[in-house]
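First residue of the sequence shown? That's -14 in this note's numbering, and the numbers climb one at a time after it.
First up is the structure itself, then whatever we jot down about it.
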Amino acid sequence: MKNLSFKAKVWLWPGESASWHFTSVPKEESVKLREKYKGLHRGWNSIKVQAKVGKTVWETSIFFDSKSAQYMLPLKASVRKAEGIFHGDPIQVKLKIL
């Protein structure tokens, strides 16, 4: 599983500012990623990836959330602006593990 494609909704990190936007890698794929790439985990249980949403491609990391048992993909403001993405929108994501 070097490449992964999925559709998921955009959500806001809970808290006072609620300005960090994320989408979650589905649970089944998160479990597979956690097992296969556990040796590649960096700080905060992250895995370096190349992400693609619409026509926008960028390098980032996905972060494992132990509460949901899923990886979270942060969506930068520049990506959201370029693709017209807002909280609650369903988006198609392509990830390539780096």
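For each residue, glycine too, the CB sits at the ideal point set by N, CA and C.
Since the model is a prediction, treat every value here as computed from it, not as a measurement.
Short of 8 Å from the beta carbon of Trp5, and not among the five residues preceding or following it, lie these beta carbons of its own chain, in chain order: Leu(-3), Trp(-2) and Pro59.
DSSP, reduced to helix, strand and coil, places Lys21 within a helical segment of the structure shown. A distance below 6 Å between beta-carbons, with the five flanking residues on each side excluded, links Lys79 to the following residues of its chain, in chain order: Ser(-10) and Lys37.
Cβ neighbours of Ala(-7) within its own chain (closer than 6 Å, five residues either side excluded): Thr8 and Ser9.
Comparing alpha carbon positions, the residue from Lys(-13), Asn(-12), Gly0 and Glu14 closest to Met57 is Glu14. Restricting attention to Thr41, Asp74 and Thr45, the CA atom closest to the CA of Val34 is found in Thr45. Sorting Phe49, Leu18, Ala54 and Thr41 by C-alpha distance to the C-alpha of Glu68 places Thr41 at the top.
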